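Trainee: This note's numbering puts the first residue of the sequence shown at 14, with every later residue one more than the last.
Each residue gets a CB set at the ideal place from its N, CA and C atoms; glycine is no exception.
Owing to the predicted nature of the structure, the values given are computational and were not obtained by experimental measurement.
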Amino acid sequence: MKIGTVASHSALNIIAGARAEGFDTVLFCTPDRQSFYRAFGLGDSIVIIKSYVDLLEKDIEDTVLIPHGSFVAYIGAERLLKSDLRMFGNRELLRWEEDRQLKTRLMTEAGLRVPPEYKSVEDVDSPVIVKTYGAAGGLGYFIARNAEEIRAELRPDKQYVIQKYIVGTKVFVTYFNSLARDRVEVFGADIRYETDADANLRFDDDPSFIVVGNLPLVLRESTLADYYNMGIEFVKAFKRVTGQDLPGPFCLETIIDRHQKIFTFEFSGRIVAGTNVWIPSSPYSYILFNEPMWMGRRIAREIRELQSQNRLEEALL
Ligand code: AMP
Ligand code: AMP
Numbered sequence: 014m015k016i017g018t019v020a021s022h023s024a025l026n027i028i029a030g031a032r033a034e035g036f037d038t039v040l041f042c043t044p045d046r047q048s049f050y051r052a053f054g055l056g057d058s059i060v061i062i063k064s065y066v067d068l069l070e071k072d073i074e075d076t077v078l079i080p081h082g083s084f085v086a087y088i089g090a091e092r093l094l095k096s097d098l099r100m101f102g103n104r105e106l107l108r109w110e111e112d113r114q115l116k117t118r119l120m121t122e123a124g125l126r127v128p129p130e131y132k133s134v135e136d137v138d139s140p141v142i143v144k145t146y147g148a149a150g151g152l153g154y155f156i157a158r159n160a161e162e163i164r165a166e167l168r169p170d171k172q173y174v175i176q177k178y179i180v181g182t183k184v185f186v187t188y189f190n191s192l193a194r195d196r197v198e199v200f201g202a203d204i205r206y207e208t209d210a211d212a213n214l215r216f217d218d219d220p221s222f223i224v225v226g227n228l229p230l231v232l233r234e235s236t237l238a239d240y241y242n243m244g245i246e247f248v249k250a251f252k253r254v255t256g257q258d259l260p261g262p263f264c265l266e267t268i269i270d271r272h273q274k275i276f277t278f279e280f281s282g283r284i285v286a287g288t289n290v291w292i293p294s295s296p297y298s299y300i301l302f303n304e305p306m307w308m309g310r311r312i313a314r315e316i317r318e319l320q321s322q323n324r325l326e327e328a329l330l
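1. Let me check you understand the geometry: is the CB of Glu279 closer than 6 Å to at least one non-hydrogen atom of ligand 3?
2. With the cut-off set at 7 Å, would you say Val174 and Leu265 are in Cβ contact?
3. In this structure, does DSSP put Ser133 in helix, strand or coil?
4. How is Glu279 classed by DSSP in three states: helix, strand or coil?
5. Residue range of the alpha helix (DSSP H) that Asp239 falls in?
6. Taking 7 Å as the cut-off, decide whether the C-beta atoms of Arg283 and His81 are in contact.
7. Let's see if you can read the secondary structure: which residues bound the alpha helix (DSSP H) around Thr121?
8. Beta-carbon separation of Asn323 and Pro260 under 7 Å?
9. Do you know how far the Cα of Thr208 is from the Cα of Pro220?
10. In the DSSP assignment, find the unbroken alpha helix (DSSP H) run with Leu93 in it and report its ends.
11. Counting Cβ pairs closer than 8 Å, one from the region 127–140 and one from the region 154–167, do we hit at least three?
12. If you draw a straight line from the C-alpha of Ile275 to the C-alpha of Leu125, how long is it?
13. Which same chain residues end up closer than 7 Å to Val180 when comparing Cβ atoms and leaving out the 5 residues on each side of it in sequence?
14. Does DSSP put Arg271 in a helix, in a strand, or in coil?
15. Among all the DSSP beta bridges, which residues are the ones paired with Asn190?
16. Any heavy atom of ligand 2 closer than 6 Å to the CB of Phe222?
17. Using only alpha-carbon positions, find the residue among Gln257, Ser64 and Ile204 that is nearest to Arg104.
18. Is Leu110 helix, strand or coil when you go by DSSP?
19. For Thr43, which three-state DSSP category applies?
20. Just verifying my parser: in three-state terms, what is the DSSP assignment at Ile142?
21. Whose C-beta lies closer than 6 Å to the C-beta of Pro305 among residues of the same chain, with five residues either side of it excluded?
22. Would you call the CB atoms of Val19 and Tyr50 closer than 7 Å?
23. Please state whether DSSP places Gly226 in a helix, a strand or coil.
24. State yes or no: is the C-beta of Pro163 nearer than 6 Å to some heavy atom of ligand 2?
25. Would you mind reading off the limits of the beta strand (DSSP E) that contains Ala24?
In structure tokens:
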């Protein structure tokens, strides 16, 4: 059995981790990115594909694929849901992530504090962030100070969610839910750095939220304890609403305000690129394993352990 992924996002993280655990690896790569991945010594894992959707046509029964953000962005959630690719994790979660109402329902079910939403423009009494349905990575979002500013921007042909704009620090916390060890691990935290929302100097009120990269973050330990509980509750809530497990990595995307209230505005049901900051180890994964343990390796370790327990299928949902 091989471990594979598509060449972008957290592919170095995933492939290096699988190799560290002794797996053969496959990196599905478009021609333009080939030389970059070769430069990292991954040449013998590269399988060239013209476009990522070609993956759906490939006969790769022997490969467990590790989905990541670009993987979903390039192939599309709908296609992935229908495909019979062998993917690590629970693809049902994609459905909950794609649909803004389901997303909020799951976070609320987990007892997480979510940014208040306004049903109609008339109710708005604070600065807001307005999100279009289906928008990814903050593209197409806008911020507004009041109802008047929102009305000026709204387009009748689009569906929106109007959320209170939370002023604070963005904190992304990644977890690993291990079926083999029956525990939720709080793996590491990072800050997603966005242009130009995170620029210090701004001369306009129309910031974009395009991700540039990630910075490592170590939280106050007392705050981390709160996040630990949030992760556990999230896994339990998913089980309650779907009857299914949520194996492997997931991320809660939050903002901490000046009163230290944590607002969760988003989640991700797979490896996030923020975990790239924690190669070869995060402080917490090091304490848990007593050896370097990054997310790509953690996934491969889980696959190994589930294989030896004859339970791998439980994590390929
Ligand atoms: P890429 O393959 O890097 O162009 O990214 C494809 C998709 O993954 C885009 O929708 C990005 O928004 C998302 N993505 C890539 N890198 C990151 C990151 N560091 N944090 C969050 N999302 C990311
Ligand atoms: P998302 O597409 O939900 O991951 O959001 C993209 C970016 O928009 C986030 O990384 C934040 O910078 C910002 N954002 C999203 N929701 C809120 C909110 N309720 N308050 C303030 N900023 C937000």
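Mentor: According to the data block:
1. Summarising the ligand content, the structure contains ligand 1 and ligand 2 and does not contain ligand 3.
2. Start at 1 with the first residue of the sequence shown, and residue 174 comes out as number 161. Start at 1 with the first residue of the sequence shown, and residue 265 comes out as number 252. In this structure, Leu265 does not lie closer than 7 Å to Val174 by Cβ.
3. Taking the first residue of the sequence shown as 1, we reach residue 133 at position 120. Of the three classes helix, strand and coil, the one that applies to Ser133 here is coil, per DSSP.
4. For the purposes of this step, residue 279 is taken as residue 266 along the sequence shown, with counting starting at 1. DSSP places Glu279 in strand when its eight states are reduced to three.
5. What you label residue 239 is simply residue 226 of the sequence shown in a count that begins at 1. Taken as a continuous stretch (DSSP letters only), the alpha helix (DSSP H) holding Asp239 covers Glu234 to Thr255.
6. Here residue 283 corresponds to residue number 270 of the sequence shown, with the count starting at 1. Here residue 81 corresponds to residue number 68 of the sequence shown, with the count starting at 1. Contact flag set, yes.
7. Mapped onto the sequence shown, residue 121 falls at position 108. It spans Arg113 to Glu122 - the alpha helix (DSSP H) in which Thr121 sits, taken as one unbroken run.
8. As a position in the sequence shown, residue 323 is number 310, starting the count at 1. As a position in the sequence shown, residue 260 is number 247, starting the count at 1. Their beta carbons are not under 7 Å apart, which means Asn323 does not touch Pro260 by this criterion.
9. Along the sequence shown, one-based indexing puts residue 220 at 207. Along the sequence shown, one-based indexing puts residue 208 at 195. Cα to Cα, the separation comes out at about 8 Å.
10. Numbered from 1 along the sequence shown, position 80 holds the residue referred to as residue 93. Start and end: Ala90 to Lys95.
11. yes
12. Indexing the sequence shown from 1 puts residue 275 at position 262. Indexing the sequence shown from 1 puts residue 125 at position 112. When rounded, the distance between both Cα atoms is 8 Å.
13. Within the sequence shown, numbered from 1, the residue matching residue 180 stands at position 167. Correct list, in chain order: Asp270.
14. Taking the sequence shown and counting its residues from 1, the one referred to as residue 271 is at position 258. Residue state, collapsed to three classes: coil.
15. As a position in the sequence shown, residue 190 is number 177, starting the count at 1. Paired residue(s): Val197 and Gly261.
16. Counting from one through the sequence shown, the residue named residue 222 turns up at place 209. Indeed, a heavy atom of ligand 2 lies less than 6 Å from the Cβ.
17. One-based indexing of the sequence shown puts residue 104 at position 91. Of Gln257, Ser64 and Ile204, the residue nearest in Cα terms is Gln257.
18. Walking along the sequence shown from the start, residue 110 turns up at place 97. The sequence given here places Glu at residue 110; Leu does not occur at that position. Helix, per DSSP.
19. Position 30 of the sequence shown, counted from the start, is the residue given in the question as residue 43. Reduced to three states, the DSSP call for Thr43 is coil.
20. Numbered from 1 along the sequence shown, position 129 holds the residue referred to as residue 142. If DSSP states are grouped into helix, strand and coil, Ile142 belongs with the strands.
21. To locate residue 305, count along the sequence shown from 1; it is residue 292. Cβ within range, chain order: Pro293 and Ser294.
22. Along the sequence shown, read from residue 1 onward, the residue named residue 19 stands at position 6. Along the sequence shown, read from residue 1 onward, the residue named residue 50 stands at position 37. No.
23. As a position in the sequence shown, residue 226 is number 213, starting the count at 1. DSSP places Gly226 in strand when its eight states are reduced to three.
24. Within the sequence shown, the letter at position 150 stands for residue 163. Pro is not the amino acid found at residue 163; the sequence shown has Ile there. Checking the Cβ of Ile163 against ligand 2 gives no.
25. By 1-based counting over the sequence shown, the position of residue 24 is 11. It is not in any beta strand (DSSP E) - Ala24 instead sits in the alpha helix (DSSP H) that spans Ala24 to Ala33.
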